[in-house]
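Line order of the protein sequences matches chains A and P.
Under the numbering used here, think of the first position of the first sequence as 396, with each following residue one higher.
Under the numbering used here, think of the first position of the second sequence as 396, with each following residue one higher.
Protein chains: 2
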Amino acid sequence: MVNRDPDKTRLALLNAAFDEINQHGFQAASLARIIKETKVSKGALYHHFPSKLEMGYAVVDELILESVKEMWITPLKNTDNIIDALLLQIDSAIGKRNEKNICFGCPVNNLAQEMSPIDEGFRERINSIFDLWRTTIDEKLKEGQKNGTVKETINTEASAYFIVAAIEGATSLAKNAKSVDVLRTSLQGLKEHIETLRK
Amino acid sequence: MVNRDPDKTRLALLNAAFDEINQHGFQAASLARIIKETKVSKGALYHHFPSKLEMGYAVVDELILESVKEMWITPLKNTDNIIDALLLQIDSAIGKRNEKNICFGCPVNNLAQEMSPIDEGFRERINSIFDLWRTTIDEKLKEGQKNGTVKETINTEASAYFIVAAIEGATSLAKNAKSVDVLRTSLQGLKEHIETLRK
DNA sequence: TAACATGCATACTGGTCGGTATGTTTATTA
DNA sequence: TAATAAACATACCGACCAGTATGCATGTTA
Numbered sequence: 396m397v398n399r400d401p402d403k404t405r406l407a408l409l410n411a412a413f414d415e416i417n418q419h420g421f422q423a424a425s426l427a428r429i430i431k432e433t434k435v436s437k438g439a440l441y442h443h444f445p446s447k448l449e450m451g452y453a454v455v456d457e458l459i460l461e462s463v464k465e466m467w468i469t470p471l472k473n474t475d476n477i478i479d480a481l482l483l484q485i486d487s488a489i490g491k492r493n494e495k496n497i498c499f500g501c502p503v504n505n506l507a508q509e510m511s512p513i514d515e516g517f518r519e520r521i522n523s524i525f526d527l528w529r530t531t532i533d534e535k536l537k538e539g540q541k542n543g544t545v546k547e548t549i550n551t552e553a554s555a556y557f558i559v560a561a562i563e564g565a566t567s568l569a570k571n572a573k574s575v576d577v578l579r580t581s582l583q584g585l586k587e588h589i590e591t592l593r594k
Numbered sequence: 396m397v398n399r400d401p402d403k404t405r406l407a408l409l410n411a412a413f414d415e416i417n418q419h420g421f422q423a424a425s426l427a428r429i430i431k432e433t434k435v436s437k438g439a440l441y442h443h444f445p446s447k448l449e450m451g452y453a454v455v456d457e458l459i460l461e462s463v464k465e466m467w468i469t470p471l472k473n474t475d476n477i478i479d480a481l482l483l484q485i486d487s488a489i490g491k492r493n494e495k496n497i498c499f500g501c502p503v504n505n506l507a508q509e510m511s512p513i514d515e516g517f518r519e520r521i522n523s524i525f526d527l528w529r530t531t532i533d534e535k536l537k538e539g540q541k542n543g544t545v546k547e548t549i550n551t552e553a554s555a556y557f558i559v560a561a562i563e564g565a566t567s568l569a570k571n572a573k574s575v576d577v578l579r580t581s582l583q584g585l586k587e588h589i590e591t592l593r594k
C-alpha cells in the first residue's frame, strides 16, 4: 500500500459488505470474503469498524437508507400529483430489473426478514426506513386530497401501508421466481389499485 | 433411551428444526441447538437425515407445505364464493397473530428471502408452494367468473399474483414492526381491493 | 435364539467464524 | 525533524460449525 485514502478504503469495505450481505444475508456474510474482495487487510477493516455488527449498521445507515431515499422518497417529494408519481416509480422500478439482478430482491426487505427477530439495532433501523417511506406516501396522499388529485374518501394511512406492503411482496415473489415478469404481473394489480385512488 | 420410537424422534427433530429455522434462518440454524432442544443425540439426527440441507428440505416438504395447504389452500378449494372465502381467510390470518408470534413472519417468505438466491433446492420447493397458492386463487377466480360471483373483466392471473404478494408484503411489514395493527392496517387495503373483484 | 438391521450415543475432526494482539508504515502536527 | 496519531498488515486465538468414525443398544426376522 503506497497511497493511503482512508475514506476510499472505508467506502470500498462498505460496498463490498453491502454486496456480501445481499448475497448471503448478514449472519452468513463473511468478513474473510469481504477483505478478499476489497484486498483490504483485516486490521484495516477493524480499524474502520469496531465489529461486524457495526459495519452492518453502517451499511444500512449509509448505503441502504440513501438508496431508498433516492429511489422512493425524493421522487415523491418533488411532485404535485402523487398518483402519477407512484405509477411512474413502479414502472421505473420494474425497468431497473433484469433477469440477472431480480434474484437479489429488495435489500431492505432482505435484512428485515433476516435480522428483525434477532437484533433490535437492525430492526429499528429498518423499521425507520419503512416508516419514512410510508409516511412520505401518506403525507402526499393527504396533500393530494387537499389539492384535488386524490379521492377524499380513502384512508390515506391504510393506503400507504398497503402500497409499501404490495411493492415489497411483489419484489419478494419475483426474487423467488427469478422472473421480471412475475414482478410486472404482481405490480399490475397495484397500479390498478392506485388508479382507483385518483379523484 | 428405553422405548424407541423412530417416527416420533424424526418428527421431534423436524419440529425443532422448523422453530430453529424460523428464529435464526436456515444458515444460522444450529444443529447443536436442535439436538439440545430435542434431547436427541447427533448420531440419531444423522441417522434420520443425511445432512443439514436435507433436513431443511424435509421441513419445507413436510411441515411448511402442509401448513400452507391447511391455512391457504384447503379453505379455498371448498368454497363456491372465492371473494368471501378470501376475506374470511385474511381475517382468520390476522386473528391468529398476536404480539408474541407476529415477529416470526411467514415461514415461506422467510426461507424464500434467505435461501432462494443461495440454494436451488430451497428455491424450487418454495417456488412450487407459491405456485400452488397462486394457481389455486387463479382457478377459483376463473370459476367465480363462470358462476357469476366474480367480475368478468378482471385479469385473474394478475389478481392472484397481487393477492399473494400483498399478503406476503403485509406479513413482512408487520414482522418488522412487531405489530398486529400494522398487519391489520396493511391488509385493510387488500380487503378493499378484493371487494372490487366482486360482481 | 442366532443373525442382522435399525436406532441411537459419544468423541472427535477439519474448517471457518469473528475478533485480537502486536507490529509496521504512512500521514499529521508541533 | 521529532513526536504522535492514523492507517494498515500479519499471525494468531478460542468458539462454533457441520459432519464422521465407531461402538453399543434395541428391534426384527430367519
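Note that CB positions come from ideal geometry on N, CA and C, so glycine has one too.
Computed from a predicted model, the values in this text were never measured in an experiment.
Check	Outcome
Residues from the segment 497-521 of chain P in contact with chain A, defined by Cβ distance under 8 Å	498, 499, 500, 504, 505, 507, 508, 509, 511, 512, 513, 518, 521
Ranges of the alpha helix (DSSP H) found wholly within the segment 487-556 of chain P, counting only runs of at least 4	502-510, 515-542
Contacting residues, own chain, Cβ-Cβ under 6 Å from residue 424 of chain P (five flanking each side not counted)	415, 416
Burial state of residue 420 of chain A, where buried means 16 or more other Cβ atoms lie within 10 Å	buried
Unbroken alpha helix (DSSP H) run spanning residue 427 of chain A, endpoints	426-433
Reference residue 551 of chain A; option with closest CA among A:533, A:441, A:462	A:533
Residue 562 of chain A beta carbon less than 8 Å from that of residue 564 of chain P	yes
Residue 593 of chain A, DSSP secondary structure in three states	strand
Residue 474 of chain P, DSSP secondary structure in three states	coil
Proximity to residue 591 of chain A [Cα-Cα], best of A:573, A:536, A:569, A:541	A:536
Under 8 Å (Cβ pairs) to chain A, residues found in the segment 421-455 of chain P	422, 423
Unbroken alpha helix (DSSP H) run spanning residue 462 of chain P, endpoints	460-463
CB of residue 497 of chain P within 8 Å of CB of residue 589 of chain P, strictly	no
Partners in chain A for residue 577 of chain P, counting only beta-carbon separations shorter than 8 Å	556
CB contact flag (residue 412 of chain P, residue 430 of chain P, <8 Å)	no
Cβ neighbour criterion (16 or more within 10 Å) applied to residue 445 of chain P	exposed
Contact belief for residue 508 of chain A with residue 418 of chain P at Cβ below 8 Å, rounded distance in angstroms	Not quite, the Cβ-Cβ distance comes to about 12 Å (not below 8 Å), so this is no contact.
Residue 571 of chain P at chain A interface by Cβ criterion, 8 Å	yes
Under 7 Å from the C-beta of residue 581 of chain P: neighbouring residues of chain A	556, 557, 560
Interface positions of the segment 473-490 of chain A facing chain P (Cβ-Cβ less than 8 Å), listed along the chain	none
Nonlocal neighbours in the same chain, by C-beta distance under 8 Å from residue 432 of chain A, ignoring five residues either side	411, 414, 415
Per-residue contacts from residue 552 of chain P into chain A (C-beta, under 8 Å)	580
Inter-residue spacing [alpha-carbon to alpha-carbon] between residue 473 of chain P and residue 462 of chain P	17 Å
Within 8 Å, strictly: CB atoms of residue 406 of chain P and residue 440 of chain P	no
Nearest candidate by alpha-carbon position, reference residue 547 of chain P, set P:573, P:556, P:460, P:593	P:593
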